[in-house]
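Worksheet for the structure shown next.
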């Protein structure tokens, strides 16, 4: 069993990695790349210029070669350009320094208590002039040796606060060229000067950590990979903040909620979808299992025919149309007929309950549990139909299969009453395949949730996916696809394991 | 003394029942499936002959006597499902929509089943690493969440124009290709299972002894012998393809208007559901009936083609 589990987990990892490749190819399959939509904007004035597009591509990291883009999407780009990896639990903590070099403190506005502020790092970049790329604007501290010739004590890539500008700040400008020890910079007037650096020059770049690497903690040298002389040396000094989807950083939304991390977007919708999916699964199970048992036990009875016909109709029904029909009946027609009608969308009441509605009849206040419950009835009905139909069919055939077994006949021969035979001997065995099927299908319910949430304008992950596809918000789309793929793989494993737990006859090698 | 002498003359007169006839006899026992064939024939004929039957052009807005566009007309003798929000005749659109929906379903199913059968046959026949690779690929495809992926692909390829095709056909072709790419796994598994049991039988050995090559055996012996379950799965899949295509079109990522399909008609009519509820009814009902009929037919075919499954 342990061996089997280990092998399965390895397979799982492989499948997840493969599906990330598939998902990433997805993004890049469209001709013109993911920004094709922007290029094709008909109105000339709102179409971004080539320079804008280039900047956008750089911002989204689309200018990198594809394998690196995939890699940074997967495991982030904070390691890129780093020389050292901190090996330890959590991140390495070091003091956050102010412009004058003292540690910054945070003052609690209520108590006046002062707490020091910290920076956290997993990756560290050794300071070196190689980190400077043409185009960076730097501020130089040091001495002017001759005209336009400086020797630097400290180079910083962010402007010092004006009020505390230190007296020994000698020059600033944008980098034109970087040689081993000499940096050529140009000021706003275009006048070039050279800055010589030495062993003791300190660097502070937002791109790297700038400070010398602390001696505390266990640091792993990865400069062979992304350092100045490493394999990916063209990225030396580049230090991103993205941690990659494998480390649960899904990046930033491009359009739907531009400037918001996808994680926040997902979090805001996840609860609603979980409520909907749980309700639908529980309702389906509660209804499907008893009617499956009944029609299995009473095979070819009138009820059995009714159940099988219903199951057949249910699985042939286009669920989205079924949802529309539910709205049409319970919201539209009930309203016309003067009956208490159901809400047709949303999660809670937006305005006060309208005259004639079920909410007003039951005197429901906005935002309460009952209010949520009212709004979930119709979507849950729609979502559970398909599974209800399928699961009752499975339950029926599983029950029929078990009732033919010898041990059931033995139980009857022992003189047990029929109810005990069915519940204790038949049902417990008949449930085994059902459990697996249910576990296997749970991630698939998400597919149904896309349709359900769209029909009922229910703000969950499914609707988010639909909106993201419509808005070409690819980071959101890819995150949801990735999470779904992981869930599917996980559910498959869980189903297999549960199979052995509930059925001791099955042993995996 | 003659011991129950067989009458040669009369034996020769007894006609051997043909295989198809036997199947038809068994198929006929399933009353609902026979009804399904009738219904399907009527629907398919109506859709194929849409250009003859449809009273109006499905893309032209109808005008009343005064020349104003007839928006959202109710059902009448002239337009017996009414007209839509820009005055097009709903009934005509429904017929033309069925043509596209059914065409996509048939094309996708035929291509996917053929591809799946070939892949499965190769996988089962050769075994070894070929089988291993194909099986792992199949499993991988089966693991993927289908509807979200279909949506993502269709969304990405939504605006693409296929060369040498009329613009309105592009999206239909793209959807068909996407559905084929994600639809071959079922028949592949089925075919592999059949071929695994067939390849060790004597007639395969005989065919090889007669000098038939591997692919010859696959095409001449494996596939025809494993045809029955493939036909059943194809019939059942037809309904599934219609559902998936209409789900994609319903969400706006499938076949793009003005080409009508049942799915995108539902999408269009959903927006004026509160004023024109009846129109939402027709396209969905068509999908439902066609899917139900294909399911019944598949069920009956399974019973008819595989007597062992018969109770």
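Residue numbers (the working numbering), protein chains in the order written: chain Y, 317 to 825; chain H, -8 to 302. The beta carbon of each residue, even a glycine, is placed where N, CA and C say it ideally should be.
### Query
With 16 other CB atoms within 10 Å as the buried threshold, where does residue 120 of chain H fall?
Residue 120 of chain H sits at position 129 when you count from the first residue of the second chain. Its Cβ having fewer than 16 others within 10 Å, residue 120 of chain H is exposed.
Practice item. Could you name the residues that DSSP lists as bridge partners for residue 502 of chain Y? Key: Locating residue 502 of chain Y in the first chain gives position 186, where the first residue counts as 1. Answer is Y:490, Y:508, bridged to residue 502 of chain Y.
Q) Under a three-way DSSP split, which group does residue 578 of chain Y fall into? A) Against the first chain, residue 578 of chain Y aligns to sequence position 262. DSSP, read as helix, strand or coil, puts residue 578 of chain Y in helix.
Fill in: Proximity winner among H:90, H:194, H:38, relative to residue 216 of chain H (alpha-carbon distances)
Reading the second chain from its first residue, position 225 is the one you call residue 216 of chain H. Of H:90, H:194, H:38, the residue nearest in Cα terms is H:194.
_Can you check which of these residues, H:45, H:294, H:24, H:109, is closest to residue 207 of chain H by C-alpha distance?_
Position 216 of the second chain, counting from 1, holds the residue named residue 207 of chain H. When only C-alpha atoms are compared, the closest one is H:109.
Exercise. Indicate whether at least one CB of chain H lies closer than 8 Å to the CB of residue 770 of chain Y.
Key: Stepping through the first chain from its first residue, residue 770 of chain Y is reached at position 454. By this cut-off, residue 770 of chain Y is an interface position.
Margin query: Closer than 9 Å between beta carbons: that is the criterion. Which residues of the stretch 217 to 239 of chain H meet it against chain Y?
Written below: 230, 233, 234, 237, 238
Check your understanding: Along the stretch 730 to 762 of chain Y, what residues have a CB closer than 8 Å to any CB found in chain H?
Key -> 759, 760, 762
message = Give me, in chain order, the residues of the same chain whose beta-carbon lies closer than 7 Å to that of residue 646 of chain Y; leave out the 5 immediate sequence neighbours on both sides.
response = Mapped onto the first chain, residue 646 of chain Y falls at position 330. Closer than 7 Å at Cβ, skipping near neighbours: 657, 658, 694.
Query raised in the report: In the DSSP assignment, what are the bridge partners of residue 409 of chain Y?
Result: Reading the first chain from its first residue, position 93 is the one you call residue 409 of chain Y. Paired residues: Y:436.
Margin query: Taking CB distances under 8 Å as the criterion, tell me whether residue 264 of chain H reaches chain Y.
Written below: As a first step, residue 264 of chain H must be located in the second chain, where it is residue number 273. Residue 264 of chain H belongs to the set of residues whose beta carbon lies under 8 Å from a beta carbon in chain Y.
Q. Closer than 8 Å, Cβ to any Cβ of chain A: which residues of the stretch 132 to 143 of chain H, in chain order?
A. No chain A appears in the structure shown, which is made up of the protein chains Y and H.
Is the beta carbon of residue 715 of chain Y closer than 8 Å to that of residue 618 of chain Y? Locating residue 618 of chain Y in the first chain gives position 302, where the first residue counts as 1. Locating residue 715 of chain Y in the first chain gives position 399, where the first residue counts as 1. Not in contact: residue 618 of chain Y and residue 715 of chain Y (Cβ atoms no closer than 8 Å).
ask   = Going by the CB atoms, is the gap between residue 139 of chain H and residue 185 of chain H shorter than 8 Å?
value = Taking the second chain and counting its residues from 1, the one referred to as residue 185 of chain H is at position 194. Taking the second chain and counting its residues from 1, the one referred to as residue 139 of chain H is at position 148. Cβ atoms of residue 185 of chain H and residue 139 of chain H: not closer than 8 Å.
Name the chain Y residues that come within less than 9 Å of residue 246 of chain H, Cβ to Cβ?
Numbered from 1 along the second chain, position 255 holds the residue referred to as residue 246 of chain H. What residue 246 of chain H touches in chain Y: nothing, since even the nearest Cβ is about 15 Å away.
Practice item. Report yes if the CB atom of residue 340 of chain H is closer than 8 Å to the CB atom of residue 241 of chain H, and no otherwise. Key: Since the first and last residues shown for chain H are -8 and 302, residue 340 of chain H lies out of range.
**Message:** So, with DSSP's three-state summary, where would you put residue 152 of chain H?
**Reply:** Residue mapping note: residue 152 of chain H aligns to position 161 of the second chain, counting from 1. If DSSP states are grouped into helix, strand and coil, residue 152 of chain H belongs with coil.
Exposure of residue 44 of chain H, with buried meaning 16 or more beta-carbon neighbours within 10 Å:
Within the second chain, the letter at position 53 stands for residue 44 of chain H. Its Cβ having fewer than 16 others within 10 Å, residue 44 of chain H is exposed.
Own chain residues within Cβ distance below 6 Å of residue 842 of chain Y, not counting five before or after:
This structure cannot settle anything about residue 842 of chain Y, because the visible part of chain Y is limited to 317 through 825.
- Item | chain Y residues whose Cβ lies nearer than 7 Å to that of residue 261 of chain H | Here residue 261 of chain H refers to the residue found at position 270 when the second chain is read from its first residue. Near residue 261 of chain H (Cβ distances below 7 Å), the residues of chain Y are 640.
Would you please verify whether the beta carbon of residue 617 of chain Y is less than 8 Å from any beta carbon of chain H? Your numbering for residue 617 of chain Y matches position 301 in the first chain. No, residue 617 of chain Y does not count as interfacial toward chain H.
### Task
Take residue 76 of chain H as the anchor and find which of H:233, H:104, H:61 has the nearest alpha-carbon.
In the second chain, the residue the question calls residue 76 of chain H occupies position 85. Nearest of H:233, H:104, H:61 to residue 76 of chain H, Cα basis: H:61.
Open item on the list: So for residue 270 of chain H, helix, strand or coil by DSSP?
Closed with: For this step, residue 270 of chain H is matched to residue 279 along the second chain. It is helical.
- Measure the beta-carbon distance from residue 771 of chain Y to residue 807 of chain Y and round it to whole angstroms, keeping in mind my assumption that it falls under 8 Å. In the first chain, the residue the question calls residue 771 of chain Y occupies position 455. In the first chain, the residue the question calls residue 807 of chain Y occupies position 491. Wrong, their Cβ atoms sit about 25 Å apart, outside the cutoff.
Nearest to residue 383 of chain Y by alpha carbon, out of Y:336, Y:737, Y:467? Here residue 383 of chain Y is taken as the residue at index 67 of the first chain, counted from 1. Of the listed residues, the one whose Cα sits closest to residue 383 of chain Y is Y:336.
Taking the alpha helix (DSSP H) that residue 267 of chain Y belongs to, which residues open and close that run? Nothing can be reported for residue 267 of chain Y, as the shown portion of chain Y is limited to 317 through 825.
Give me the chain Y residues within the contact set of residue 146 of chain H, using Cβ-Cβ distance strictly less than 7 Å, ordered along the chain. On the second chain, residue 146 of chain H is found 155 positions in, with the first residue counted as 1. Those are 785, listed as they occur along chain Y.
Q: Give a yes or no on contact between the stretch 117 to 135 of chain H and the stretch 252 to 268 of chain H, applying the rule of three or more CB pairs nearer than 8 Å.
A: no
message = Can you find the residues in the same chain that come closer than 7 Å, C-beta to C-beta, to residue 295 of chain H, ignoring five residues on each side of it along the sequence?
response = For this step, residue 295 of chain H is matched to residue 304 along the second chain. Same-chain partners within the cutoff: 14, 17, 18.
Mapping the DSSP letters down to three states, classify residue 175 of chain H as helix, strand or coil. In the second chain, the residue the question calls residue 175 of chain H occupies position 184. Looking at residue 175 of chain H - three-state DSSP - the assignment turns out to be coil, as it is neither helix nor strand.
What does a CB cutoff of less than 7 Å around residue 27 of chain H pick up in its chain, not counting 5 residues either side in sequence?
Here residue 27 of chain H corresponds to residue number 36 of the second chain, with the count starting at 1. Closer than 7 Å at Cβ, skipping near neighbours: 284, 287, 288.
Just the chain Y side, please: which residues come within less than 7 Å of residue 271 of chain H by C-beta, in chain order?
The residue labelled residue 271 of chain H in the question sits at position 280 within the second chain. 640, 644, listed in chain order.
Rounded separation between residue 239 of chain H and residue 145 of chain H - CA only:
Start at 1 with the first residue of the second chain, and residue 239 of chain H comes out as number 248. Start at 1 with the first residue of the second chain, and residue 145 of chain H comes out as number 154. C-alpha separation (whole angstroms): 8 Å.
Mind pulling the chain H residues with CB within less than 8 Å of residue 797 of chain Y?
Numbered from 1 along the first chain, position 481 holds the residue referred to as residue 797 of chain Y. Within chain H, the residues near residue 797 of chain Y are 136, 139, 140, 143.
For the stretch 101 to 108 of chain H against the stretch 169 to 185 of chain H, are there 3 or more C-beta pairs whose distance is under 8 Å?
Enough Cβ pairs lie closer than 8 Å, so yes.
Only counting the same chain, and skipping five residues up and downstream in sequence, which positions put a Cβ closer than 7 Å to that of residue 525 of chain Y? One-based indexing of the first chain puts residue 525 of chain Y at position 209. Legend: pLDDT at residue 525 of chain Y = 48, less than 50; position of this residue unreliable, value from coordinates given subsequently. 437, 440, 441, listed in sequence order.
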